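What follows is one structure encoded as structure tokens, with my remarks underneath.
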Ligand code: 5GP
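In my numbering, the protein residues as written are 175 to 357.
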């Protein structure tokens, strides 16, 4: 669905579908260059990364493996719960593999740093991170993010995989949620 299908629930469209597609394709080309001659496993973080994983993977002009993890994050609110746990683990043994974690958004970085230390213990050949969106606080954290789609302001956004109370994931753009929706 488009922004016009959610009435006045968005105060602003932060990224259009076209902007997202253009940037995703650019980053896919970087990834092709960086992983030339190497096998690559994309690890998508459910559920928010579904859209970006699907589009980024299809932009790649090469083979990749794809697997998924589900990690607890925000629940139905708009602020971090601080609770991180694995709800669904990988089906793939990543020992010796080049792993690229695909995230929708990095806010505090709490989820990502937990995930990376967990994956590191499994002996991958390398681990890097791709995120569509990154918020300011995340830039101060110690976790290295190799591929960043867009740095965005510290507002709660929805769409293109990102939800509020499980809604708006199927919005084609990314937009700022109007306070009347959650207050
Ligand atoms: P972090 O652990 O980096 O604080 O949070 C990462 C997770 O929080 C994301 O994967 C996402 O599920 C959720 N999150 C953080 N910021 C936003 C936001 O602006 N909108 C939505 N819908 N989810 C967010």
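Even glycine gets a Cβ: it sits at the ideal position worked out from N, Cα and C.
Remember, it's a predicted structure, so these values are computed and weren't measured experimentally.
Can you tell me whether residue 316 is buried or exposed, with buried defined as 16 or more other CB within 10 angstroms of its CB?
Under the 10 Å beta carbon count, residue 316 is surrounded by fewer than 16 other beta carbons and is classified as exposed.
Once you ignore the five residues that flank residue 225 on each side, which residues in its own chain have a CB closer than 7 Å to its CB?
Excluding its 5 nearest sequence neighbours in each direction, residue 225 has C-beta neighbours in its own chain below 7 Å: 334 and 335, listed in chain order.
Within the present structure, is the beta-carbon of residue 324 separated from the nearest heavy atom of the ligand 5GP by less than 7 Å?
no
My assumption, with CB atoms under 8 Å, is that residue 290 sits in contact with residue 301. Please give the rounded CB distance.
6 Å
Quick check on the burial criterion: 16 or more other C-beta atoms within 10 angstroms. Buried or exposed for residue 230?
buried
In the DSSP output, what is residue 277 paired with across the bridge?
305
Note down, in chain order, each residue of its chain lying with its Cβ closer than 8 Å to the Cβ of residue 176, except the 5 sequence neighbours on either side.
Cβ within range, chain order: 345, 346 and 347.
What residues are listed by DSSP as bridge partners for residue 179?
Answer is none; residue 179 lacks a bridge partner.
In terms of residues, what are the limits of the beta strand (DSSP E) holding residue 322?
Note, residue 322: beta strand (DSSP E), 321-325.
Within a Cβ cutoff of 8 Å, which residues of the same chain sit near residue 288, ignoring the five residues on either side of it in sequence?
Cβ neighbours of residue 288 beyond the five flanking positions: 245 and 258.
How many Å lie between residue 322 and residue 292 at the Cα?
21 Å
Taking the CB atoms as reference points, tell me whether residue 198 and residue 350 lie closer together than 8 Å.
Going by C-beta atoms, residue 198 is not nearer than 8 Å to residue 350.
Verify the contact flag: residue 338, CB atom, against every heavy atom of the ligand 5GP, threshold strictly below 7 Å.
yes
If you draw a straight line from the alpha carbon of residue 332 to that of residue 272, how long is it in whole angstroms?
30 Å
Please state if the CB of residue 356 and the CB of residue 338 are separated by a distance shorter than 8 Å.
It is a contact, given that the beta carbons lie within the stated cut-off.
Could you give the distance in angstroms between the alpha-carbon of residue 309 and the alpha-carbon of residue 330?
10 Å
Check whether the Cβ atoms of residue 261 and residue 205 sit closer than 8 Å, and answer yes or no.
no
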